[in-house]
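Q:
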Amino acid sequence: MLVQGMLIDIIVGAAAVLICWRFGEWSKWSEYYSTILFFILGDMAYNFSFYNHPLWMYGGNLINHTFTDIFIAITLFPTTIILYNTFYPNKVGKKIIYVLLCSGIYSLIEFILYVFNSFFIKMVGR
């Protein structure tokens with residue numbers, strides 16, 4: 135199970151990079167750069183602030199929690215931000231649907247990672 139959890143992280147990261155490379159607007163990465171940095175900064179601020187009391191823990195002991203967070207920050211965050219901004223619609227009604235769709239996709243990815251023991255939710259007080 136340990137290797138399975140680590141392997142699924144690598145597979146999801148590689149898939150995100152490949153999908154973004156194929157469908158994302160890499161030529162406009164500089165327009166999204168500040169958003170990418172803001173996203174990563176928010177994640178790192180959370181990880182620093184709640185280091186001793188995280189909301190979830192990543193499965194496995196071969197790679198520590200910090201390394202897994204950094205891996206996610208350099209693979210998943212930039213690729214999903216580029217993909218999200220590439221297809222962002224102009225009309226208000228479509229924006230709402232688009233945000234809900236992207237939230238659903240992120241939730242599905244989180245669920246898949248949870249099923250494959252990539253991380254587990256840490257219960258409060260335990």
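In our numbering, each residue carries its 1-based index in the sequence shown increased by 134.
No residue lacks a Cβ here, since even glycine has one placed at the ideal position from N, Cα and C.
Predicted, not measured: the structure shown is a model, and the values here were computed from it.
Quick one: what does DSSP say Tyr232 is sitting in, helix, strand or coil?
A: As a first step, residue 232 must be located in the sequence shown, where it is residue number 98. The answer is helix: DSSP assigns Tyr232 an H, G or I state.
Q: Mark Leu235 as exposed unless 16 or more other C-beta atoms lie within 10 angstroms of its C-beta, in which case mark it buried.
A: To locate residue 235, count along the sequence shown from 1; it is residue 101. Flag for Leu235 reads exposed.
Q: My guess is that Val151 and Thr214 are in contact by the Cβ rule of under 8 Å, so how many angstroms apart are they, rounded?
A: Residue 151 sits at position 17 when you count from the first residue of the sequence shown. Residue 214 sits at position 80 when you count from the first residue of the sequence shown. With 8 Å as the limit, Val151 and Thr214 do not qualify as a contact, their Cβ atoms being about 10 Å apart.
Q: Count the other CB atoms within 10 Å of the CB of Tyr185; is the residue buried (16 or more) or exposed (fewer)?
A: Counting from 1 along the sequence shown, the entry for residue 185 is found at position 51. With fewer than 16 Cβ atoms within 10 Å of its Cβ, Tyr185 is classed as exposed.
Q: My output table needs one value for Tyr222: the three-state DSSP class, helix, strand or coil.
A: Within the sequence shown, the letter at position 88 stands for residue 222. Tyr222: coil per DSSP, three-state reduction.
Q: For the beta strand (DSSP E) that contains Tyr192, what are its first and last residues?
A: One-based indexing of the sequence shown puts residue 192 at position 58. Tyr192 -> beta strand (DSSP E) spans Trp190 to Tyr192.
Q: Considering only the beta carbon of each residue, do Phe211 and Ile174 sit closer than 9 Å?
A: By 1-based counting over the sequence shown, the position of residue 211 is 77. By 1-based counting over the sequence shown, the position of residue 174 is 40. Contact: yes.
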